[in-house]
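K.L.:
Every letter in the sequence shown is one number past the one before it in the working numbering, and letter 42, counting from 1, is 88. Got a structure here, written out as structure tokens. Questions coming.
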Amino acid sequence: MSAVPDTAISEDTIAALATAVGGPVVVIRLSGPRALAVAGAVWRGAAPLARPPFRQMRLGQVVGAGGVLDHAALAVAMPGPHSYTGEDVVELHCHGGSFGARRILHELLRCGARLAEPGEFTRRAFLNGRLDLTQAEAVADLIDAHSDAALHLANHQLAGALGRRVSAAWEAAAGVLAEIESRLDFPEEDLDWQSGTALAARLEGVIADLTALLASRLEGQVLRDGVSLVIAGPPNVGKSSLLNAILGRDRAIVTDLPGTTRDTLEELAHIRGIPLHLVDTAGLRPSHDPIEAMGIERSFRSLRTAQVILWVFDASQPYAEQSWDPHSGRGAVILVGNKRDRLADPAALPALPATGLPVVTTCALDGSGLEALFDAIEAAVWGGPRHECSAVAVSARHAALLEESLSELLDTAARCRGEAWELAAVALRAALAGLGRITGRTHDPDLLGMIFSRFCIGK
Ligand code: GDP
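Shown next, in the form of structure tokens:
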């Protein structure tokens, strides 16, 4: 369990480097009730930090005990509650260099701050109501984003697009619960109750919206986690050449000697906005060489976990001796007939048994056929072409909670129709708890620990 207190009011003041060590400028961040005092103890400028003008950069110096530090710096003071964390915040922007930055941080700790835990600034922002949990998660998504689509998604989530939809569903469901509870509390009264059917109809709207949200799960998973794509096949068919062609640079060693790639090679690439974890594997063939055999065993392991498999074969050779074994992996398979330049008609597919699998032909040397290969990869990932870029796509955590809540909401709607009010209330409370855990309306230290452990120190 985290040592970070789970209360909105923090008594201690935290400090951390907010930028990676080694850059030209380093930002040191402080937050807490003594942020202005602690920063003020090491800051010398025209006006003290605790006095206006706030939210403006001021030039001054960070000084330390013994006069060792005399570091030119910019400082900005942002008193709470209108700050990132909702507390008093100070940022010091100094010339980079890991030693100087650590020295300043050390000085701040000596003056009464404590080193922040990973994600503690954002955790405080959440506990002080500055962000909901989906927005806090978007802060981490923003740091991890490696594509325009992932960035777009993280920015929208940070702006509250997901949180608003879940909160609207929560409010609508809570309205129905109030009605049911009132029936349970005053069974004798003949108040102007809505019928069970009408309440169920109100829930149907919520169910439809949450179902649509859940349908964005694939997009969320692909854009956040990426897709593992394994390039496999017999030796010497051009797997490494294909990896290089996809990456647009020479990453893997290419030779005409079979068995050159003895280990799996991993690279990250983006194809049509899809983050792909590309794995080039050792050629699969019986081998007595112990090192090559270990590489082949790793290839089989990669195949078993791959989401997309490019099974590469030499299009100019008979397919039967190089055919894909459907027992090797469960991912979506694309048959890639490489070396198509050696075919009499490069556009003609080689004769293959009817497998039902998509087939493309490529020439890894000149890159021809790659666009068709990318079409096939896109279709394998999305289950069809994808044109739009959604504003909201849920993560695996959100999806699990949405599924749970949807099942409880469906149960509630059925109980409402049957006028089983007690059971309807139980199911609806469970649905609300699930939705509440998405936005953080309901939370506990374990949930927060799980979310903020993803963060780095200083965020
Ligand atoms: P791997 O063992 O399957 O990884 O195959 P490599 O990428 O190391 O390539 C084996 C040999 O085939 C090398 O000499 C490559 O230059 C050659 N090669 C790869 N792709 C093509 C292609 O599309 N056409 C032709 N003609 N040769 C290729």
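Each residue gets a CB set at the ideal place from its N, CA and C atoms; glycine is no exception.
If you run the structure through DSSP and keep just helix, strand and coil, what is Q107?
P.N.:
The residue given as residue 107 occupies position 61 in the sequence shown. Q107: strand per DSSP, three-state reduction.
K.L.:
Going by the beta-carbon positions, is the gap between F501 and T168 smaller than 8 angstroms?
P.N.:
To locate residue 501, count along the sequence shown from 1; it is residue 455. To locate residue 168, count along the sequence shown from 1; it is residue 122. Contact: yes.
K.L.:
Do you know offhand how far A422's Cα is from P404's?
P.N.:
Taking the first residue of the sequence shown as 1, we reach residue 422 at position 376. Taking the first residue of the sequence shown as 1, we reach residue 404 at position 358. Computed Cα separation, rounded: 7 angstroms.
K.L.:
Quick check: what's the CA-CA separation for M47 versus P491?
P.N.:
Your numbering for residue 47 matches position 1 in the sequence shown. Your numbering for residue 491 matches position 445 in the sequence shown. Residue placement at M47 is poorly supported in this model, since its pLDDT is 35, which falls under 50; the coordinates are not used for a value here.
K.L.:
Going by beta-carbon coordinates alone, are Q107 and V122 separated by less than 8 angstroms?
P.N.:
The residue you call residue 107 lines up with position 61 of the sequence shown. The residue you call residue 122 lines up with position 76 of the sequence shown. It is not a contact, given that the beta carbons lie outside the stated cut-off.
K.L.:
Are D187 and T485 touching if we call contact CB-CB under 8 angstroms?
P.N.:
Here the question's residue 187 lines up with position 141 in the sequence shown. Here the question's residue 485 lines up with position 439 in the sequence shown. Going by C-beta atoms, D187 is not nearer than 8 angstroms to T485.
K.L.:
Along the chain, where does the beta strand (DSSP E) that runs through G383 open and close?
P.N.:
On the sequence shown, position 337 is the one that residue 383 refers to. 378-384 is the span of the beta strand (DSSP E), which, as asked, contains G383.
K.L.:
When you compare only the Cα positions, how much space is there between A390 and I355?
P.N.:
To locate residue 390, count along the sequence shown from 1; it is residue 344. To locate residue 355, count along the sequence shown from 1; it is residue 309. The alpha-carbon atoms of A390 and I355 are separated by roughly 27 angstroms.
K.L.:
Ordered along the chain, which non-local residues of its own chain (more than five positions away) have a Cβ less than 6 angstroms from that of H192?
P.N.:
Counting from 1 along the sequence shown, the entry for residue 192 is found at position 146. Cβ within range, chain order: P321.
K.L.:
Is it right to say E57 is buried, meaning 16 or more other beta carbons lie within 10 angstroms of its own, or is it exposed?
P.N.:
Numbered from its first residue, the sequence shown carries residue 57 at position 11. Exposed.
K.L.:
Among residues of its own chain, excluding the 5 on either side of E465, which ones have a beta-carbon nearer than 8 angstroms to its beta-carbon?
P.N.:
Counting from one through the sequence shown, the residue named residue 465 turns up at place 419. If we look at E465 and ignore the five residues flanking it on each side, its Cβ neighbours are G242.
K.L.:
Measuring alpha carbon to alpha carbon, tell me which residue in V427, I497, H117 is nearest A442.
P.N.:
Your numbering for residue 442 matches position 396 in the sequence shown. The candidate whose alpha carbon is nearest that of A442 is I497.
K.L.:
Ordered along the chain, which non-local residues of its own chain (more than five positions away) have a Cβ less than 8 angstroms from that of A171?
P.N.:
To locate residue 171, count along the sequence shown from 1; it is residue 125. Once the five neighbours on either side are set aside, the close Cβ partners of A171 are Y130, T131, G132, L177, A182.
K.L.:
What's the C-alpha gap between A460 and V472?
P.N.:
Here residue 460 refers to the residue found at position 414 when the sequence shown is read from its first residue. Here residue 472 refers to the residue found at position 426 when the sequence shown is read from its first residue. C-alpha separation (whole angstroms): 13 angstroms.
K.L.:
Consult DSSP for G279 and reduce its assignment to one of helix, strand or coil.
P.N.:
Position 233 of the sequence shown, counting from 1, holds the residue named residue 279. It is coil, neither helix nor strand.
K.L.:
Compare the C-alpha of A410 against each of L494, R463, L289 and name the closest.
P.N.:
Locating residue 410 in the sequence shown gives position 364, counting from the first residue. Minimum Cα distance to A410 is reached at L289.
K.L.:
For S499, which residues of its own chain have a beta-carbon under 7 angstroms away from its beta-carbon, when the five flanking residues on both sides are left out?
P.N.:
Numbered from 1 along the sequence shown, position 453 holds the residue referred to as residue 499. Cβ neighbours of S499 beyond the five flanking positions: P164.
K.L.:
Starting from the C-beta of A470, find all residues in its chain whose C-beta is less than 6 angstroms away, skip the five residues before and the five after it, and write them out in chain order.
P.N.:
As a working mapping, residue 470 is identified with position 424 in the sequence shown. Taken in chain order, the residues that qualify are I226, T458, R461, C462.
K.L.:
Cα-Cα, which of A439, P70, V84, A397 is closest to G206?
P.N.:
The residue given as residue 206 occupies position 160 in the sequence shown. The residue with the shortest Cα to Cα distance from G206 is A439.
K.L.:
Does the Cβ of S287 lie closer than 7 angstroms to at least one heavy atom of the ligand GDP?
P.N.:
For the purposes of this step, residue 287 is identified with residue 241 of the sequence shown, where counting begins at 1. Because some heavy atom of the ligand GDP lies under 7 angstroms away, the Cβ of S287 counts as near it: yes.
K.L.:
Using 8 angstroms for Cβ pairs, my map puts T327 next to I277. What's the rounded Cβ distance?
P.N.:
What you label residue 327 is simply residue 281 of the sequence shown in a count that begins at 1. What you label residue 277 is simply residue 231 of the sequence shown in a count that begins at 1. Indeed, because the Cβ distance is near 6 angstroms, the residues count as touching under 8 angstroms.
K.L.:
Within a Cβ cutoff of 7 angstroms, which residues of the same chain sit near H139, ignoring the five residues on either side of it in sequence?
P.N.:
In the sequence shown, counting from the first residue as 1, residue 139 sits at position 93. So the qualifying residues of the chain are V71, V73, A119, L120.
K.L.:
Any idea what DSSP makes of W357, helix, strand or coil?
P.N.:
For this step, residue 357 is matched to residue 311 along the sequence shown. Three-state DSSP puts W357 in a strand.
K.L.:
Are H323 and G272 close, meaning C-beta to C-beta below 8 angstroms?
P.N.:
Along the sequence shown, one-based indexing puts residue 323 at 277. Along the sequence shown, one-based indexing puts residue 272 at 226. A contact, by the Cβ cut-off of 8 angstroms.
K.L.:
Under three-state DSSP, which class holds A64?
P.N.:
Residue mapping note: residue 64 aligns to position 18 of the sequence shown, counting from 1. Coil, per DSSP.
K.L.:
For A92 and G78, what's the separation of their Cα atoms in angstroms?
P.N.:
Working through the sequence shown from its first residue, we reach residue 92 at position 46. Working through the sequence shown from its first residue, we reach residue 78 at position 32. The alpha-carbon atoms of A92 and G78 are separated by roughly 24 angstroms.
K.L.:
Distance check for P127 and G209, CA to CA, integer angstroms please.
P.N.:
In the sequence shown, the residue the question calls residue 209 occupies position 163. In the sequence shown, the residue the question calls residue 127 occupies position 81. Roughly 21 angstroms separates the two Cα atoms.
K.L.:
Taking only beta-carbon positions, decide if I253 is within less than 8 angstroms of chain B.
P.N.:
The chain inventory of the structure shown lacks chain B, comprising one protein chain alone.
K.L.:
Rounded to the nearest angstrom, what separates D116 and A96 at their Cα positions?
P.N.:
Residue numbering aside, residue 116 sits at position 70 when the sequence shown is read from its first letter. Residue numbering aside, residue 96 sits at position 50 when the sequence shown is read from its first letter. Taking the straight line joining both Cα atoms gives about 20 angstroms.
K.L.:
Is there at least one non-hydrogen atom of the ligand GDP closer than 7 angstroms to the beta-carbon of P281?
P.N.:
Indexing the sequence shown from 1 puts residue 281 at position 235. Under cutoff, so the answer is yes.
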